[in-house]
């Protein structure tokens, strides 16, 4: 099992906020499960909820999307081990929608994060108007890692419309 390290904030009151504390304290070991272990996780309640509010998705397509989201989450965590940022963009924004649904099921999401990563996997957002635009090199690097680490089928499901142009 690979490991990487993340910074974790103390539960500080607003009056005791100190940047140096955020940088130097509470470095925790976060586990990185195998991709197969993560993909074995299922959550029917999340998938059904998502499909209910996104009628274009059958239950089977919803299950595939949830599995693809888990693969993306694993890829994101894997790339963090070597300081490579990973973004949700364009064709991957449906993964973001199912992530939001998963987070709404807070108990399930927290239990999942603790079980598979030993920590809460935060959904970071960029400030409005300051969204990151992927460079061609960043996109190529992401696609190369995704192809190598999670497979060509995943790439095909999410980028086929771009590959066929």
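Numbering (this note's numbering), first residue to last: 15 to 179. Ideal Cβ positions, reconstructed from N, Cα and C, are used throughout, including at glycine.
For residue 105, there is no enclosing alpha helix (DSSP H), as DSSP marks it with neither H nor E. The Cβ atoms of residue 122 and residue 60 lie closer than 8 Å to each other. Residue 172 is a Cβ neighbour of residue 105, given a cutoff of 8 Å. Every alpha helix (DSSP H) stretch that sits fully inside the stretch 121–167 and reaches 4 residues is listed by chain position as 150–164. In this structure the stretch 79–86 touches the stretch 107–124; the number of beta carbon pairs closer than 8 Å is three or more. In the DSSP annotation of this structure, residue 55 is not part of any alpha helix (DSSP H), being labelled neither H nor E.
Comparing C-alpha distances from residue 47 to each of 148, 131, 111, 55 shows the shortest one belongs to 131.
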